[in-house]
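Numbering (numbering that gives the first Met the number 0), first residue to last: 0 to 336. Below is one structure, written out as structure tokens, with a few remarks after it.
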Amino acid sequence: MSRVRLTLAEVRDRATRGLVRAGISDENAAVIADVMTTAERDGCESHGLFRMQGYCDCVQAGRTDGKAVPVLHDDAPGLLRVDAMHGFAAPAMIAGRQVLADKAREQGIAAMAVTNAHHYAALWYDVDGLAEAGLVAMGFVNSQSFVAAAGGKRKLYGTNPMAFAWPRPDGQPPMIFDQSSSASARGEIQIHRREGRSLPEGWAIDPDGNPTTDPEAALAGAQLPFGGYKGAAIAMMVELLAVGLTGGKFGFESHAEGHTDGGPSEGGQLLIAIDPARFGGGDGALAHAELLFQEILSEEGTRLPSTRRYEMRARTPTEGITIPQSLDDTIRELCGE
Ligand code: NDP
Numbered sequence: 000m001s002r003v004r005l006t007l008a009e010v011r012d013r014a015t016r017g018l019v020r021a022g023i024s025d026e027n028a029a030v031i032a033d034v035m036t037t038a039e040r041d042g043c044e045s046h047g048l049f050r051m052q053g054y055c056d057c058v059q060a061g062r063t064d065g066k067a068v069p070v071l072h073d074d075a076p077g078l079l080r081v082d083a084m085h086g087f088a089a090p091a092m093i094a095g096r097q098v099l100a101d102k103a104r105e106q107g108i109a110a111m112a113v114t115n116a117h118h119y120a121a122l123w124y125d126v127d128g129l130a131e132a133g134l135v136a137m138g139f140v141n142s143q144s145f146v147a148a149a150g151g152k153r154k155l156y157g158t159n160p161m162a163f164a165w166p167r168p169d170g171q172p173p174m175i176f177d178q179s180s181s182a183s184a185r186g187e188i189q190i191h192r193r194e195g196r197s198l199p200e201g202w203a204i205d206p207d208g209n210p211t212t213d214p215e216a217a218l219a220g221a222q223l224p225f226g227g228y229k230g231a232a233i234a235m236m237v238e239l240l241a242v243g244l245t246g247g248k249f250g251f252e253s254h255a256e257g258h259t260d261g262g263p264s265e266g267g268q269l270l271i272a273i274d275p276a277r278f279g280g281g282d283g284a285l286a287h288a289e290l291l292f293q294e295i296l297s298e299e300g301t302r303l304p305s306t307r308r309y310e311m312r313a314r315t316p317t318e319g320i321t322i323p324q325s326l327d328d329t330i331r332e333l334c335g336e
């Protein structure tokens, strides 16, 4: 399949124009375009321009409010609640991030609950800014149900990612891991389908509950949690933290609404920010953590999570990125070209 090369400026420009054309406000389009551009910059294809159609479709279906203005509720010294007002999660996250960071500095630890939000991004984006500001951060978000419970056959949990970010001294970018609790992100299965490739074993079961490597059967059936029942427990924890605590919709509740536009469901999100200097490790906490990272990296074959992204980040501003011709066609159409 031929691919089209784009600069990051072109990615941002097209994303912004397409989102605005779909009825998303200028302010929200700027944030969401940044989410997609940042994903492309860091080599996360499944959350870059690939998502444009879904963002546009769910707004045009009237299910997500592209013009929503998030409302902040300062409920307690260590707690911020952000109502995304049935819009996308990224503008809500950006609206609350500084208040969350300030609260974490004041209290040592603070949490932000985001409700009535449609999350369609890579979760590392939400913790990256907090860790860049020197805070340890954790994020949890649920999605529409796609993943079977341990031993189950039907879609129950979302693909439910969690992200963990640890700031590093001396201008080093933070260590961040961001992983779905399913064996793969759903976007990866869609990309395999688009490219006519079989799935690795262990990613999914078909509608009868049999293991499958066929992307179509996997999308009709259910994804599997990573690591069997252990991953299923993480998926359950994410549903409870992101939704049970915050008062959103569980994946199966969103699924029951049966929307078919391909965009994100309305779920919940929890972010926790921690000031590393305020716990037992004090000012030396980050330097001490570097010993662990050194120890990990002293063995051949290891790397820290996020290193791959940072390597891509160093290259794409000059090299640009590539997208499949078919996606380029879709984006042009969404931009009205
Ligand atoms: P991956 O399995 O690709 O990667 C998970 C993490 O493991 C990354 O932080 C990655 O770092 C790290 N990693 C990979 N290989 C190694 C290695 N050899 N050594 C050390 N660390 C490693 O992610 P997923 O497929 O589970 O998820 C992909 C994305 O999908 C995530 O960004 C997630 O937030 C998003 N998602 C979003 C959802 C939503 O509803 N909004 C739902 C589900 C998923 P690196 O990036 O450097 O490779």
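We put the CB at the ideal spot given by N, CA and C, even for glycine.
Item checked: Three-state secondary structure (DSSP) of Pro224 -> strand
Next item on the list: Out of Arg314, Asp213, Ser264, Gly257, state which residue places its alpha-carbon closest to the alpha-carbon of Val140.
Entry: Ser264
Margin query: Taking the beta strand (DSSP E) that Gly86 belongs to, which residues open and close that run?
Written below: That run of the beta strand (DSSP E) goes 78-87.
Check: Between the C-alpha atoms of Arg196 and Ile188, what's the straight-line distance to the nearest angstrom?
Finding: 9 Å
Checklist line | Cβ pair Ala203, Gly186 closer than 7 Å | finding: no
Check: Is Pro69 near the ligand NDP, with its Cβ less than 6 Å from a heavy atom?
Finding: no
Margin query: Going by DSSP, what residue range makes up the alpha helix (DSSP H) through Met0?
Written below: Run containing Met0: none; DSSP gives neither H nor E here.
Notebook entry, point to check: Below 7 Å between beta carbons: does that hold for Ser45 and Gln143?
Noted result: no
Note to self: Output needed for Ala182: all residues of its chain with C-beta closer than 6 Å, excluding positions within five of it in sequence on either side, in chain order.
What the structure shows: Answer for Ala182: Gly201, Trp202, Leu223, Phe225, listed in chain order.
Next item on the list: Would you kindly work out how many angstroms separate the C-alpha atoms of Gly42 and Thr315, rounded to a whole number?
Entry: 8 Å
Item checked: Backbone CA spacing between Gly170 and Arg153 [nearest angstrom] -> 46 Å
Item checked: Contained beta strand (DSSP E) runs [length at least 3] in the stretch 267-336, N- to C-terminal order -> 320-323
Next item on the list: Pick helix, strand or coil for Val68, following the three-state DSSP scheme.
Entry: coil
Notebook entry, point to check: Looking at the structure shown, is Asn27 part of a helix, part of a strand, or coil, going by DSSP?
Noted result: Three-state result, Asn27: helix.
Notebook entry, point to check: So does Leu328 have its beta carbon nearer than 6 Å to some heavy atom of the ligand NDP?
Noted result: The identity of residue 328 in the sequence shown is Asp, whereas the question assumes Leu. No, since every heavy atom of the ligand NDP falls outside the 6 Å radius drawn around the Cβ of Asp328.
Note to self: Contact defined as beta carbons within less than 8 Å: I believe Arg96 pairs with Gly128. What is the distance between those atoms, to the nearest angstrom?
What the structure shows: Contact between Arg96 and Gly128 holds, since their C-beta atoms are separated by about 6 Å, short of 8 Å.
Note to self: Tell me whether Asp351, by its Cβ, gets closer than 6 Å to a heavy atom of the ligand NDP.
What the structure shows: With the chain running from 0 to 336 in the structure shown, residue 351 is simply not present.
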